[in-house]
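Protein chains in written order, with our numbering: chain W, 1 to 444; chain V, 1001 to 1315.
Glycine included, every Cβ here is placed at the ideal spot set by N, Cα and C.
First comes the structure, then the notes that go with it.
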């Protein structure tokens, strides 16, 4: 048998490979440039700078609509429309992409461009685009066609689209507010139900001022209002159709009824009826006109407000000696007190999002508007003053409107809005004294 | 004979390799590098602002009654007998003031949900600077922040401290940059909105961990600078409440000048209605802060930023 000779070339290569491998382990490696990972746990909540150049096209409606958008976004407190004088690029062509560099120089983070044209049929066509200046991309864009009379509403719809895209929350600009308009001397005020856009424009009175009216509330469709009036000599709850002006009494119960509010499905009105010296909470089925008593206490139970799902009701009661906030199931069971802070609590209103309840708090002679969770925890005061009252929620549950009354013979009530942070408080200009606001749902 | 030599060589080499692998990282003598505590320079004016945030003392003022109380108690209300079930009430007519102008009819507004089609001119325009090919992106699974890992879970080659020191020596010879110093001390944003800035203040635990050099090879100064700058660029919509909806992780890469290559890429974002907005806010923050050229360590690097407003929003 022949002895096989080793293959020396292969052996040499093997040895060389081993030595190289060993050298590789031994050699000090240059450290790789590691991934830099950082946690950012704080940010800014100051308003976002946005540029809203006048919409091109029609010389009247273009600037007017962009002006509505600018005012809406500014009042929201989340945006800071930059002054047009600072714009480097003048938008003249809606179809051309903007020069992002020019907008970045003036620190704009978002840019809204638009075009308004009057079509051959006389209708108004409005188009807009929302640009992300830093990412250099279009975020959203829509077009609307309507009659010229609705030009303000186009501005509100565009504002809603921009707000939703930039904040992730639904907008609330295409909404209306009904309130009590007050005129005349303080000792002899004339009070009328008045409806207006949420920005104070397009006012329209709904009642003639002959009777004292209070606490108007929208139906879920925004087509009806329920409110309390003294037209029959005592407080009674009425329904009013906004479009037709037709009014009807909710209940012919001879006792006083007040503090009405619609159920979320619009089928019932919940209110207080005063019987035997006590005020308790009842519901009225609007189809069958039957009432159902939910509370039965020797106290004043009032200001009921449904949770958005209709399963619970929050209300105020002085059954424990002072006004406090209570929650119960919508059939009246499981009544429990949720407010335990100092002072007296009243006018609770459940947020459309269901997460918090707004209230008025009377503490040491000051009226405060605040929110708390439905279990009573997390109380936060948003604003305070001599006489703040009557909070009402914007449909996105992020902004509250209320009225504030000033002291003295020359004083009166004005409407204000404040967001959930409590920082952005704004007066809503109405031209007259105004109280008891109620914010509509989003217009369908 | 030759086979014996070959076998001997192989065995010795194998032993040598095993030894190299096993003892490549001998424990060094533990040296406690006392990290300099992070010190915030606080302007006296900020202290006064903090005091100003406290509510004013309440004064006792005659309390007006609530409207509804007034309304109810005006009437006096004699006790009423409970009535039998009500009959349908008779509709009453009151003439509301007729509208002077016709009310805009919302139904007439046609809303087209489709985005406005991009005009042709837009398509003809060159796309904004095509981004150079970034490094292969890590899989989303790798993008998870590592809060659970204890600090010791990130071992580093023992040679690194020495190398760092060696690398840093030339930096010490740098010219003293007064502009950079003033940039570090620039608190203009805080000064303009003291109350809002106060909301976001705090001592985030994870940020602290970063500040002492964990997970990255940045110095504490570099890390702190980065956190501070991005915190100023990150705008969260006021009223945002659910922190879960705003937690986004993005990655991006810088070139040799510190400019971002392309756009940041989100590797982790919440599934919810605010997803797109949350990603946008974070990407805008990263882009607004560009370029990252304050320190050499930021240039030509890949970054992963975990944006999480939990501490800020939960207070």
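Using a beta-carbon distance below 8 Å, is residue i in contact with chain V?
{"i": "residue 69/W", "result": "no"}
{"i": "residue 167/W", "result": "yes"}
{"i": "residue 409/W", "result": "no"}
{"i": "residue 40/W", "result": "yes"}
{"i": "residue 310/W", "result": "no"}
{"i": "residue 27/W", "result": "Residue confidence is low: residue 27/W scores 48 on pLDDT, short of 50, so the model does not pin down where it sits. Its coordinate-derived value is still stated next. Judged by the 8 Å Cβ criterion, residue 27/W is not in contact with chain V."}
{"i": "residue 34/W", "result": "yes"}
{"i": "residue 427/W", "result": "no"}
{"i": "residue 77/W", "result": "yes"}
{"i": "residue 324/W", "result": "no"}
{"i": "residue 424/W", "result": "yes"}
{"i": "residue 45/W", "result": "yes"}
{"i": "residue 421/W", "result": "yes"}
Are any of the Cβ atoms in chain W nearer than 8 Å to that of residue i?
{"i": "residue 1280/V", "result": "yes"}
{"i": "residue 1238/V", "result": "yes"}
{"i": "residue 1235/V", "result": "yes"}
{"i": "residue 1283/V", "result": "yes"}
{"i": "residue 1291/V", "result": "no"}
{"i": "residue 1270/V", "result": "no"}
{"i": "residue 1018/V", "result": "no"}
{"i": "residue 1303/V", "result": "yes"}
{"i": "residue 1308/V", "result": "yes"}
{"i": "residue 1187/V", "result": "The predicted model places residue 1187/V with a pLDDT of 40, which falls under 50 and marks its position as unreliable; any figure quoted below should be read in that light. Not closer than 8 Å to any Cβ of chain W, the Cβ of residue 1187/V fails to qualify, so no."}
{"i": "residue 1257/V", "result": "no"}
{"i": "residue 1296/V", "result": "no"}
{"i": "residue 989/V", "result": "Given a span of 1001 to 1315 for chain V in the structure shown, any question on residue 989/V remains unanswerable."}
{"i": "residue 1311/V", "result": "yes"}
{"i": "residue 1144/V", "result": "Unreliable positioning characterises residue 1144/V in this predicted model, as indicated by a pLDDT of 37, which lies under 50. A coordinate reading is not provided."}
{"i": "residue 1221/V", "result": "no"}
Does the distance from the CB of residue i to the CB of residue j come in under 8 Å?
{"i": "residue 108/W", "j": "residue 180/W", "result": "no"}
{"i": "residue 35/W", "j": "residue 1275/V", "result": "no"}
{"i": "residue 1264/V", "j": "residue 1287/V", "result": "yes"}
{"i": "residue 215/W", "j": "residue 204/W", "result": "no"}
{"i": "residue 269/W", "j": "residue 294/W", "result": "no"}
{"i": "residue 399/W", "j": "residue 163/W", "result": "no"}
{"i": "residue 111/W", "j": "residue 97/W", "result": "no"}
{"i": "residue 368/W", "j": "residue 357/W", "result": "no"}
{"i": "residue 397/W", "j": "residue 347/W", "result": "no"}
{"i": "residue 178/W", "j": "residue 434/W", "result": "no"}
{"i": "residue 240/W", "j": "residue 225/W", "result": "yes"}
{"i": "residue 168/W", "j": "residue 1309/V", "result": "no"}
{"i": "residue 385/W", "j": "residue 404/W", "result": "yes"}
{"i": "residue 158/W", "j": "residue 201/W", "result": "no"}
{"i": "residue 198/W", "j": "residue 221/W", "result": "no"}
Could you tell me which of the options sits nearest to residue i, measuring between CA atoms?
{"i": "residue 395/W", "options": "351/W, 389/W, 133/W, 405/W", "result": "351/W"}
{"i": "residue 82/W", "options": "53/W, 99/W, 236/W", "result": "53/W"}
{"i": "residue 1302/V", "options": "106/W, 38/W, 389/W, 173/W", "result": "38/W"}
{"i": "residue 89/W", "options": "95/W, 100/W, 80/W", "result": "100/W"}
{"i": "residue 1270/V", "options": "1240/V, 1249/V, 1258/V", "result": "1249/V"}
{"i": "residue 1316/V", "options": "1015/V, 1006/V, 1226/V", "result": "An answer regarding residue 1316/V cannot be provided, because it is not within the stretch 1001 to 1315 covered by chain V."}
{"i": "residue 182/W", "options": "211/W, 241/W, 239/W", "result": "211/W"}
{"i": "residue 453/W", "options": "1019/V, 1014/V, 1296/V, 1234/V", "result": "Because residue 453/W is not part of the residues shown, which for chain W are 1 to 444, the question remains open."}
{"i": "residue 231/W", "options": "247/W, 126/W, 223/W, 379/W", "result": "247/W"}
{"i": "residue 282/W", "options": "288/W, 289/W, 273/W", "result": "273/W"}
{"i": "residue 277/W", "options": "392/W, 296/W, 388/W, 285/W", "result": "296/W"}
{"i": "residue 335/W", "options": "280/W, 234/W, 291/W, 245/W", "result": "280/W"}
Grab the span of the beta strand (DSSP E) containing residue i for me, first residue to last.
{"i": "residue 1246/V", "result": "Note, residue 1246/V: premise wrong, no beta strand (DSSP E); not H, not E."}
{"i": "residue 390/W", "result": "387-393"}
{"i": "residue 247/W", "result": "247-249"}
{"i": "residue 442/W", "result": "No beta strand (DSSP E) holds residue 442/W; DSSP gives it neither H nor E."}
{"i": "residue 404/W", "result": "399-405"}
Could you tell me the boundaries of the alpha helix (DSSP H) in which residue i lies?
{"i": "residue 363/W", "result": "No alpha helix (DSSP H) contains residue 363/W, which is instead part of the beta strand (DSSP E) from 357-363."}
{"i": "residue 137/W", "result": "Residue 137/W -> not in any alpha helix (DSSP H); beta strand (DSSP E) instead, spanning 137-146."}
{"i": "residue 1221/V", "result": "1220-1233"}
{"i": "residue 133/W", "result": "Careful: residue 133/W lies outside any alpha helix (DSSP H) and carries neither H nor E."}
{"i": "residue 1275/V", "result": "1275-1289"}
Query - Stretch-stretch touch, CB-based, cutoff 8 Å, three pairs: the segment 411-419 of chain W with the segment 177-189 of chain W - result: By the C-beta criterion, the segment 411-419 of chain W is judged to be in contact with the segment 177-189 of chain W, since at least 3 inter-stretch pairs fall below 8 Å.
Requested in this report: Decide if the segment 134-143 of chain W is in contact with the segment 51-65 of chain W; the criterion is three or more beta carbon pairs, one per stretch, under 8 Å apart.
Outcome: no
Query raised in the report: Three or more C-beta pairs closer than 8 Å, one from the segment 298-314 of chain W and one from the segment 264-283 of chain W: is that the case here?
Result: The segment 298-314 of chain W vs the segment 264-283 of chain W: in contact.
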